[in-house]
Amino acid sequence: MSHGHWTEVARSVGLLAPDGAVASTIFAEMSALAQRTGAINLGQGFPDVDGPQHLKDAAVAAIQGGDNQYPPGPGVPAMLDAVAAHQRRCYGLEVDPRTEVLVTAGATEALAATVLALAGPGDEVVTLEPYYDSYAAAIALTGAVHRTIPLRPTPGGFRLDPADVEAAFSSRTRLLLVNTPHNPTGTVLTREELAVLADAAVAHDALVVTDEVYEHLTYDGAAHVPMATLPGMAARTVTISSAGKSLSFTGWKVGWLHARADLVTAIRTVKQFLTYVASGPFQHAVAVGLLDEDGRTGAYVASLAASLQERRDLLAGALAEAGFAPVTPRGTYFVVADGAPLGYPDGVDLCRELPERAGVVGVPVSAFCTPGGPVAEELRSYVRFTYVKERATLERAAAGLARLRG
């Protein structure tokens, strides 16, 4: 691939400015703004406390035990077994740990390797919109065309319209990339919505890639339904998840995927030239966690989800009191709120003023949309905030947000 092509790819996803300089993303801008002003950073979604102590102990034990060199290419055997056991116990999915599982450097690498392996020039890749920013970059690198299905705000949250699903597919659709629970909106797709997506994929003979990193972080009784559990979809689906969100170890970068064996082989062929392998001792620790879901790890994850629901309510309530119109999420780390009632038709402008006005940083939802596209315009006034912070931090943020009313 020529230097010129790489340059155009980088420019198309906002990584390069028109003059060829490295462009600053809105995420970097907001983080820098938080540092400069001392504002509470609710823009970047990472926990401010670590996950379970017994898993940190397991990582230390693996390091002290000598697991510090390259792990096996597919992943540490204990980790492969643990992923298969997790899928069987949680969802009734039967997965061969030796041929149908691959461990990756987080879910981001799993997504990139999958898209690079399974799509190429002339193909179309369909995602939901808004979408996690790395999706557009991975699709652009393949030379495929990115098509989207809008998630539209409704009184019941962000939802799919079957007409939008049908409009996004064509005879050139190669992949459907589905994220549920969904970042940034917090939507948990229902079984009925997933069935609409599955039917479209089957009708157009497309493979499905699922990003399920928030699978255990759902609220109000919402149930995460893996696409691979729908009738006939297991052989068509690449399922991706990670330990970062559910176990609160985002820096360990332990992700995984499972799919039928030939798809895993194709993805591993690409993955070996990205990171080759990663996170050896941390794989051992995550394996302990995945096999311990009925013990300390299970108790931790259940407690985390319950705590996040309470923190979601605290932040969503503070946003509503401040004059925003929040959309209550049923999963993930994030709440999306419309800033238009505060007199801000543009979320970018609002985010740039929030640190001074309220001592809080958020991220405009338009950053998760195709620049200049219809979804970006429809959601132009919306802002994403994270509530995966300690309660005391969120209470300080709520006090700052209250100043907006004044």
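Residue numbers for the sequence shown follow the numbering used here, so the first one is 4 and each next one is one higher.
Glycine residues also receive a C-beta, built at the ideal position from the N, C-alpha and C atoms.
Under the Cβ criterion (8 Å, minimum of three pairs), the region 82-100 does not count as touching the region 114-132.
G189 and R333 do touch by the CB rule: their CB atoms are close to 6 Å apart, below 8 Å. Taking a 10 Å sphere around the C-beta of F371, we find 16 or more other C-beta atoms and assign the residue as buried. In the displayed model, F285 falls within a helix according to three-state DSSP. Setting aside the 5 residues that flank it on each side, G283 is surrounded in the same chain by D70, P74, each with a C-beta closer than 6 Å to its C-beta; the list follows chain order. Collapsing the DSSP output to three states places S245 in a strand.
Distances from the alpha-carbon of P55 to those of E324, T389, A288 put A288 closest. Under the three-state reduction of DSSP, G109 is assigned to helix. Buried is the label assigned to P77, since at least 16 other Cβ atoms lie within 10 Å of its Cβ. Rounded to the nearest whole angstrom, the C-alpha separation of P187 and F388 is 9 Å. In the three-state scheme derived from DSSP, where H, G and I count as helix and E and B as strand, L294 is classed as coil. Looking at the backbone, the Cα of H185 and that of G298 are separated by about 28 Å. In terms of Cα proximity to Y347, the closest of E359, P329, M33, R383 is R383.
The count of Cβ pairs closer than 8 Å, one atom from the region 302-311 and one from the region 139-153, stays below three, leaving the stretches out of contact. When rounded, the separation of the alpha-carbon atoms in F327 and V368 is 14 Å. Buried is the label assigned to V267, since at least 16 other Cβ atoms lie within 10 Å of its Cβ.
As computed with DSSP, Y385 is found in a beta bridge with D341. Taking all protein chains shown into account, S173 has fewer than 16 neighbouring C-beta atoms within 10 Å of its C-beta and is therefore exposed.
Check the Cα spacing between A209 and each of R194, A237, R406, E218: the tightest is with A237.
About 6 Å separates the CB atoms of V386 and G342; that is less than 8 Å, so the two are in contact. Shown here, V118 sits in a helix according to DSSP, grouped into three states. For V199, the CB contacts under 6 Å within the same chain, skipping 5 residues up- and downstream, are P165, V168 in chain order. Beta-bridge annotation (DSSP): L180 is paired with T130, V212.
Taking 8 Å as the cut-off, the Cβ atoms of V211 and T240 count as close. If you compare the alpha carbons of V391, I43, R399, I29 with that of L220, the shortest gap goes to V391.
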